[in-house]
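Heads up, the sequence shown stops at 220 in the UniProt record's numbering, and the numbers go up one at a time, no gaps.
Glycine is no exception: its CB is placed at the ideal position from the N, C-alpha and C atoms.
Note sheet for the following structure.
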Amino acid sequence: MTTPVLHHVPGARSFRTLWLLQEMGITPEIVEWKIQDGSMRSPEFLAKSPAGRIPALEIDGTVIYESGAICEYLCETRPEHGLGRAPGDAERVPFLEAMHYAETIGHLIAGLNLQWIFLRNPEDRSDTVVKIEAKRLAATLMPLEQLLGTQDHILASGFSAADTMYGFTLTAAGKYVRLENFPNIQAYNARMADRPGHKAACALDGERNFPGKDFYEVGA
Ligand SMILES: N[C@@H](CCC(=O)N[C@@H](CS)C(=O)NCC(=O)O)C(=O)O
1 MTTPVLHHVP GARSFRTLWL LQEMGITPEI VEWKIQDGSM RSPEFLAKSP AGRIPALEID
61 GTVIYESGAI CEYLCETRPE HGLGRAPGDA ERVPFLEAMH YAETIGHLIA GLNLQWIFLR
121 NPEDRSDTVV KIEAKRLAAT LMPLEQLLGT QDHILASGFS AADTMYGFTL TAAGKYVRLE
181 NFPNIQAYNA RMADRPGHKA ACALDGERNF PGKDFYEVGA
């Protein structure tokens, strides 16, 4: 297999792919992009990811964008790792739900990132919107908090690619929602951070290239 190429922004959604690849023992060549410098809107990058988003993965002679699609593709083409749940599997439904629910959470984080981090003029930020969106984000975490009170992983049978879809997502949520109020998610994050595959992905992640506070408080 030629070395896959991962288009990546440190600390962003492409971490999901990086982590899954590391769990499969695959180390990609990493091409790092910056969200703020306009390079992700270059014709070169748009040819790989038409909306100018990461991740995009060059693998097996093709380029795939959308982290969930990449996750499913890797599981289907590399079944020997046992990280996916194929049609007919008893855990197929929770597996598919995780592929997409991670994005329900992810798009709320993206909206809050825009309000708090990427707006050129902070005065354009709306306290009303950030307050509502942080509440909506907390509401999406509740079902996971309950689930992780009864099992150690997203799927009851143990670690799977479903967990990697929450990589970046459940830690980034902590910038806008107090994770102290979600002790099962906090414990889960710590368990995942302890995995050798996760540690290896963190070592390859690279330095964050957008500024960030640990927590964003409305009205502060
Ligand atoms: N649903 C897509 C979302 C990808 C996405 O929005 N990625 C963000 C980084 S976390 C991005 O590339 N943002 C660049 C931009 O919005 O211009 C996926 O899961 O791959």
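Three-state secondary structure (DSSP) of residue i
i       : result
Ile-64  : strand
His-153 : coil
Glu-133 : helix
Arg-13  : coil
Leu-148 : coil
Lys-175 : helix
Asn-121 : coil
Val-93  : helix
Pro-197 : Going by the sequence as given, residue 197 is Gly instead of Pro. Correct three-state label for Gly-197: helix.
Phe-45  : helix
Rounded Cβ spacing between residue i and residue j (contact assumed at less than 8 Å)
i       : j       : result
Leu-152 : Arg-191 : A small fix is needed here, since residue 152 is Asp in this sequence, not Leu. About 7 Å separates the two Cβ atoms, so the contact holds.
Val-5   : Pro-28  : 6 Å
Tyr-176 : Leu-112 : 5 Å
Gln-22  : Phe-118 : Contact flag wrong, Cβ pair sits at about 28 Å.
Glu-76  : Gly-84  : 6 Å
Residues bridged to residue i (per DSSP)
i      : result
Leu-57 : Leu-6 and Ile-64
Glu-32 : His-8
Anything with a beta carbon under 7 Å from a heavy atom of ligand 1 counts; list them all in chain order.
So the residues near ligand 1 by this Cβ test are Val-9, Ala-12, Arg-13, Ile-35, Met-40, Gly-52, Arg-53, Ile-54, Pro-55, Tyr-65, Glu-66, Ser-67, Gly-68, Glu-103, Gly-106 and Ala-110.
Should the stretch 144-151 be called in touch with the stretch 57-71, which here means at least 3 C-beta pairs below 8 Å?
Counting Cβ pairs under 8 Å, fewer than three are found: no touch.
If we count Cβ pairs, one from each stretch, closer than 8 Å, do we get three or more for the stretch 5-25 versus the stretch 202-218?
In short, these stretches touch, since the Cβ pair count reaches three.
Touching or not, the stretch 115-130 and the stretch 153-166, by the rule of three or more beta carbon pairs under 8 Å?
In short, these stretches do not touch, since the Cβ pair count stays below three.
Below 8 Å, can you find three or more Cβ-Cβ pairs linking the stretch 177-190 to the stretch 132-145?
Judged by Cβ distances under 8 Å, the stretch 177-190 makes contact with the stretch 132-145, as three or more pairs qualify.
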